[in-house]
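Engineer: Take a look at the following structure, please.
Numbering (the working numbering), first residue to last: 564 to 875.
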């Protein structure tokens with residue numbers, strides 16, 4: 564089966580980690596180009612060392628290159644603001660776009676939840692690293708019990724957050740919250756990100772709180788544990804930090820949910836996660852890179868596989 568050539572826009576932490584994954588692990592994809600704006604970028608130097616076309620002239624530099632006409636999929640690992648311009652150009656050129664920024668132009672995809680739902684979309688949004696880590700858990704609860712509210716806190720090592728991530732904090736929280744609702748299945752969602760400056764850097768930690776309208780602890784626990792194993796299939800460093808925790812709330816006046824008046828009743832579900840990276844580019848503390856790039860790779864692989872079968 565012929566491989567689909569791919570390009571990555573963004574030669575920072577996320578783009579470089581994704582490039583390494585494509586070079587090492589891709590079955591249906593061929594790494595064709597890495598695009599940046601800094602001529603001294605480590606990512607561009609790595610690309611050239613591995614015979615991958617590299618340009619520091621941005622998308623314009625890629626479009627002028629002879630390799631561009633053969634590229635089928637473009638990953639955008641820049642910023643939400645930059646992606647708006649990239650999307651218009653790439654769509655006009657007939658490229659499939661996988662957006663690793665929180666621009667949220669295309670439909671959200673979280674592989675273990677809805678990987679097959681948007682394979683024909685011209686632009687697919689991979690939400691955020693926090694969303695990729697936590698929305699599977701919200702969906703796991705929601706598939707066995709209605710979720711009135713879900714709140715996630717993603718804590719990542721400050722050293723793993725490049726300029727693009729730092730520029731997109733507001734978009735991160737907004738996009739993740741919307742995806743908690745539309746993909747995770749919660750009636751209301753909220754997202755918080757923490758850049759942890761601790762030294763030595765700490766592994767990515769994620770906390771998920773759900774208010775489930777159910778009393779079936781066993782069903783929720785089993786569903787969450789099954790989802791963790793599913794995610795581990797493509798992110799081996801993804802794991803529960805401790806057992807799923809439950810607290811029964813009965814018209815508790817001390818608990819308030821945004822947009823919901825009055826005391827709260829239901830089952831509070833608390834899930835504590837740790838995401839250790841594969842160490843492909845940054846050290847293993849950067850699980851936020853690993854879960855995002857692994858999700859993007861899994862999505863692109865499925866797109867390539869599906870198109871190859873359709874063409875056969």
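All C-beta atoms, glycine included, are put in the ideal place defined by N, C-alpha and C.
Where does residue 823 sit, in a helix, a strand or coil, going by DSSP?
Structural biologist: Taking the first residue of the chain shown as position 1, residue 823 is located at position 260. Of the three classes helix, strand and coil, the one that applies to residue 823 here is strand, per DSSP.
Engineer: How is residue 654 classed by DSSP in three states: helix, strand or coil?
Structural biologist: Counted from its first residue, the chain shown places residue 654 at position 91. In the structure shown, residue 654 sits in a helix (DSSP, three-state: H, G or I).
Engineer: Between the stretch 630-638 and the stretch 724-738, do at least 3 Cβ pairs fall closer than 8 Å?
Structural biologist: Because the criterion of three Cβ pairs below 8 Å is not met, the stretch 630-638 and the stretch 724-738 do not touch.
Engineer: Please name the residue, chosen from 826, 831 and 855, that lies closest to residue 840 on a Cα-to-Cα basis.
Structural biologist: Locating residue 840 in the chain shown gives position 277, where the first residue counts as 1. Ranking the options by Cα distance to residue 840, first place goes to 855.
Engineer: Residue 802 lies in the beta strand (DSSP E); which residues open and close that run?
Structural biologist: Counting from 1 along the chain shown, the entry for residue 802 is found at position 239. Per DSSP, residue 802 belongs to the beta strand (DSSP E) from 801-803.
Engineer: Which parts of the stretch 732-818 are runs of the beta strand (DSSP E), unbroken and 3 residues or longer, counting only runs that do not cross its ends?
Structural biologist: You should have 752-759, 767-775, 801-803 and 808-815.
Engineer: Is residue 686 helix, strand or coil by DSSP?
Structural biologist: Looking up residue 686 in the chain shown gives position 123. Of the three classes helix, strand and coil, the one that applies to residue 686 here is strand, per DSSP.
Engineer: Going by alpha carbons, who is nearest to residue 816 out of 832, 859, 696 and 826?
Structural biologist: Along the chain shown, read from residue 1 onward, the residue named residue 816 stands at position 253. Closest by alpha carbon: 826.
Engineer: Name the DSSP beta bridge partners of residue 618, please?
Structural biologist: For the purposes of this step, residue 618 is taken as the residue at position 55 of the chain shown. According to DSSP, residue 618 bridges with 598.
Engineer: Starting from residue 727 and walking both ways along the alpha helix (DSSP H), at which residues does that stretch end?
Structural biologist: The residue labelled residue 727 in the question sits at position 164 within the chain shown. Its alpha helix (DSSP H) spans residues 726-730.
Engineer: Only counting the same chain, and skipping five residues up and downstream in sequence, which positions put a Cβ closer than 6 Å to that of residue 714?
Structural biologist: Counting from 1 along the chain shown, the entry for residue 714 is found at position 151. Closer than 6 Å at Cβ, skipping near neighbours: 753 and 772.
Engineer: On the DSSP letters alone, give me the boundaries of the beta strand (DSSP E) that residue 568 sits inside.
Structural biologist: By 1-based counting over the chain shown, the position of residue 568 is 5. Looking at the DSSP string, the run of the beta strand (DSSP E) that includes residue 568 is 567-572.
Engineer: Return the chain-ordered list of same chain residues with a C-beta closer than 8 Å to the C-beta of residue 647, the five sequence neighbours on each side being excluded.
Structural biologist: Stepping through the chain shown from its first residue, residue 647 is reached at position 84. Same-chain partners within the cutoff: 666 and 668.
Engineer: Compare the beta carbon distance of residue 885 and residue 664 with 8 Å and say whether it is the shorter of the two.
Structural biologist: Nothing can be reported for residue 885, as the shown portion of the chain is limited to 564 through 875.
Engineer: Quick one: what does DSSP say residue 831 is sitting in, helix, strand or coil?
Structural biologist: As a first step, residue 831 is located in the chain shown; it is residue number 268 there, counting from the start. It is a strand residue.
Engineer: Assuming contact is defined by CB atoms lying nearer than 8 Å, are residue 850 and residue 766 in contact in what I supplied?
Structural biologist: Within the chain shown, the letter at position 287 stands for residue 850. Within the chain shown, the letter at position 203 stands for residue 766. In this structure, residue 766 lies closer than 8 Å to residue 850 by Cβ.
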